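Trainee: Let me give you the structure first, and then I'll get to my questions.
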Amino acid sequence: MAAGLKTIIALSFILAIGFLLVILSAALFGQNYFPLLVVATYVLAPLPNAICQRCAGSEDFIESAGSGFVDLGRFLTGFFVVMGIALPAMLAHSGIIEVPAMIMSIVGGLLIYGTIISFTMFFQEEESF
Numbered sequence: 001m002a003a004g005l006k007t008i009i010a011l012s013f014i015l016a017i018g019f020l021l022v023i024l025s026a027a028l029f030g031q032n033y034f035p036l037l038v039v040a041t042y043v044l045a046p047l048p049n050a051i052c053q054r055c056a057g058s059e060d061f062i063e064s065a066g067s068g069f070v071d072l073g074r075f076l077t078g079f080f081v082v083m084g085i086a087l088p089a090m091l092a093h094s095g096i097i098e099v100p101a102m103i104m105s106i107v108g109g110l111l112i113y114g115t116i117i118s119f120t121m122f123f124q125e126e127e128s129f
């Protein structure tokens, strides 16, 4: 599935909306910049998966055998995604940020992570033997 120019423009637009929501959640409600931590978690989320896939190697012909590296990468990626949702909720619960800032931060972070996953899905190289 080849990604065209319209796909790139649409994903860039969604990424910009995600960053705008996270930045506005930090700037509009109480001048508190803790919601910007969500950007770091969602940017770091795909990295363990990519690094551990490279460490596992693709030389094996048997794909059914589970690899510890791939499982570790998936676990760490899941940890970062859950942390990106739980961190604003915890900050709102403790009163550090307001509830609208939490909502904007979570929605913006999910848009950012979804865009990163979509970019990697559309521009993934096909392996041929």
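The C-terminal residue of the sequence shown carries number 129 in this note's numbering, and the numbering is unbroken.
Where a beta carbon is used, it is the ideal one built from N, C-alpha and C, also for glycine.
This one's a predicted model, so the numbers in the text were calculated from it and none came from an experiment.
Check this for me: beta carbons of ILE116 and SER25, under 9 Å apart or not?
Mentor: Counting from one through the sequence shown, the residue named residue 116 turns up at place 116. Counting from one through the sequence shown, the residue named residue 25 turns up at place 25. Not in contact: ILE116 and SER25 (Cβ atoms no closer than 9 Å).
Trainee: With distance defined between alpha-carbon atoms, name the residue in PHE123, PRO48 and GLN31 nearest to GLU98.
Mentor: Reading the sequence shown from its first residue, position 98 is the one you call residue 98. The shortest C-alpha separation from GLU98 is found at GLN31.
Trainee: Label ALA86 either buried or exposed according to how many other C-beta atoms from any shown protein chain fall within 10 Å of its C-beta, with 16 as the threshold for buried.
Mentor: Taking the sequence shown and counting its residues from 1, one reaches residue 86 at position 86. Burial call: exposed.
Trainee: Does the stretch 42-50 touch the stretch 75-94, meaning 3 or more C-beta pairs lie closer than 8 Å?
Mentor: Counting Cβ pairs under 8 Å, three or more are found: they touch.
Trainee: Indicate the three-state DSSP secondary structure (helix, strand or coil) for SER12 in the structure shown.
Mentor: In the sequence shown, residue 12 corresponds to position 12, counting from 1. Residue state, collapsed to three classes: helix.
Trainee: Using only CA atoms, which one of HIS93, PHE122 and SER105 lies nearest to LEU28?
Mentor: Position 28 of the sequence shown, counted from the first residue, corresponds to residue 28. Of HIS93, PHE122 and SER105, the residue nearest in Cα terms is SER105.
Trainee: Residue range of the alpha helix (DSSP H) that PRO46 falls in?
Mentor: Locating residue 46 in the sequence shown gives position 46, counting from the first residue. Counting along the chain, the alpha helix (DSSP H) containing PRO46 begins and ends at 46-56.
Trainee: So ILE14 packs on LEU111, CB below 8 Å; how close in whole Å?
Mentor: Position 14 of the sequence shown, counted from the start, is the residue given in the question as residue 14. Position 111 of the sequence shown, counted from the start, is the residue given in the question as residue 111. That pair is a contact at about 6 Å.
Trainee: Is VAL82 buried or exposed, if buried means 16 or more other CB atoms sit within 10 Å of its CB?
Mentor: Against the sequence shown, residue 82 aligns to sequence position 82. Exposed.
Trainee: So which of THR41, GLY68 and TYR42 has the shortest CA-CA distance to ARG54?
Mentor: Along the sequence shown, one-based indexing puts residue 54 at 54. Out of THR41, GLY68 and TYR42, GLY68 has the C-alpha closest to the C-alpha of ARG54.
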